[in-house]
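Asker:
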Amino acid sequence: MPELPEVETSCRGIAPHLTGEVISGITIRQAKLRWPIPDDLPSLLTGQTITAVTRRAKYLFITTDIGSLILHLGMSGSLRMVDSSTPAEKHDHFDLLLSNGKLLRLRDPRRFGAVLWGGLHPENHVLITHLGPEPLDEAFSGKHLYQIGHKRRGAIKNLIMDAKVVVGVGNIYASESLFLAGIHPGCTANSLSKNHYYRLAEAIKQVLAKAIEQGGTTLKDFQQSDGKPGYFAQQLNVYGRSGEPCPTCGNTISQCKIGQRSSFFCHHCQH
DNA sequence: CAAAGGTCCTGCTCGC
DNA sequence: TGCGAGCAGGACCTTT
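Per the numbering used here, the first sequence starts with residue 1282, numbered consecutively.
1) Thinking C-alpha only, which one of R1392, S1544, V1334 is nearest S1357?
2) Exposed or buried, which one is Q1516 when buried takes at least 16 other CB atoms within 10 Å?
3) May I have a chain-ordered list of the beta strand (DSSP E) segments no shorter than 3 residues that lie completely inside the region 1287 to 1342?
4) Using a 10 Å radius around the Cβ and a threshold of 16 neighbouring Cβ atoms, would you call V1334 buried or exposed?
5) Given that a residue counts as buried once 16 or more other Cβ atoms are within 10 Å of its Cβ, and exposed if not, what is R1434?
6) Return the residue from the list Q1541, L1377, H1548 that minimises the CA-CA distance to E1525.
7) Looking at C-alpha atoms only, which residue of Q1541, V1363, G1540, F1546 is the closest neighbour of G1521?
8) How many angstroms separate the CA atom of L1461 from the CA atom of Q1536?
9) Helix or strand or just coil, what does DSSP make of Q1541?
10) G1358 by DSSP, collapsed to three states: which one?
11) At the level of alpha carbons, what is the spacing between C1292 and D1320?
12) CB I1309 to CB I1318, shorter than 8 Å?
13) Name the two residues that bound the continuous alpha helix (DSSP H) containing S1349.
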């Protein structure tokens, strides 16, 4: 599920329900996620007050006075606020219980997600320190992309999905951004001009900003039992549409593998 | 059997 | 040749 817009939507959805609340306990049903959930979390966090919920890349930070919990949703994770009487289902691995009778529940069938302790400075955690700029920050620009990309020999799609280059561009939005910029996903990075990079950076910003906006439209439904992520409803131009006509030129959308991942593009519009 | 929205780790390759 | 950065592939899991 989670690309950046989904994580941002989750962050905005849970923040008002968590901020200011007291943690009354933690339930770990399955500790084996991407990394083991630390077993001292319950004793550490019980009784603490949540002061903030924030996001960096696709990681969420749930902050208290003694430090922050770091969450990652991996490939199939989702978060939900539910009443503490709600029975846990098969893949509900982790609950953060609140003293008001609610809880934050992590569901993650594929278990590529993570629940980690970030301490007082989660931004210094080994998973966080080497991350590139946020795509919607000014630090991410065509200039930044060009400086890194012009001497790389790998495919451009892999470059923009590299979290050391820019965070938050997943497989869906990599294809979408490259379509918008008119760049073939398999292009070698060092074959692109400065102009290409400027266009691509703008396309990434535009695609992600729009997706976050659309994710936001379902925020009010966040607590509902089957609240679906907003981006499912959004318009994707090429992702998942091989064989369909290109919305720009009408030619058939192609699919190929780049770096083991499915990639979608229009042969006619992208070079 | 293949594929699914993530990303870290390993071991090889390439260019200085 | 030697070195380090960069690159491709494998790994982790379950469900459809």
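Using N, Cα and C, we set each Cβ at its ideal position, and we do this for glycine too.
If you're wondering where the values come from, they're calculated on a predicted model, not measured in any experiment.
Answerer: Answer, in terms of the structure:
1) By 1-based counting over the first sequence, the position of residue 1357 is 76. Closest by alpha carbon: R1392.
2) As a working note, residue 1516 is residue 235 in the first sequence. Exposed, since its Cβ has fewer than 16 Cβ neighbours within 10 Å.
3) 1304 to 1309, 1331 to 1337
4) As a working note, residue 1334 is residue 53 in the first sequence. It counts as buried.
5) As a first step, residue 1434 must be located in the first sequence, where it is residue number 153. Label assigned to R1434: exposed.
6) Stepping through the first sequence from its first residue, residue 1525 is reached at position 244. For E1525, the nearest C-alpha among the options comes from H1548.
7) The sequence position of residue 1521 within the first sequence is 240, counting from 1. Closest by alpha carbon: F1546.
8) Indexing the first sequence from 1 puts residue 1461 at position 180. Indexing the first sequence from 1 puts residue 1536 at position 255. Their Cα atoms are separated by approximately 16 Å.
9) As a working note, residue 1541 is residue 260 in the first sequence. Looking at Q1541 - three-state DSSP - the assignment turns out to be coil, as it is neither helix nor strand.
10) Your numbering for residue 1358 matches position 77 in the first sequence. G1358 falls in the coil class under three-state DSSP.
11) Locating residue 1292 in the first sequence gives position 11, where the first residue counts as 1. Locating residue 1320 in the first sequence gives position 39, where the first residue counts as 1. Going by the C-alpha atoms only, they are around 24 Å apart.
12) Position 28 of the first sequence, counted from the first residue, corresponds to residue 1309. Position 37 of the first sequence, counted from the first residue, corresponds to residue 1318. It is a contact, given that the beta carbons lie within the stated cut-off.
13) Walking along the first sequence from the start, residue 1349 turns up at place 68. Unbroken run through S1349 is the beta strand (DSSP E), 1348 to 1353; no alpha helix (DSSP H).
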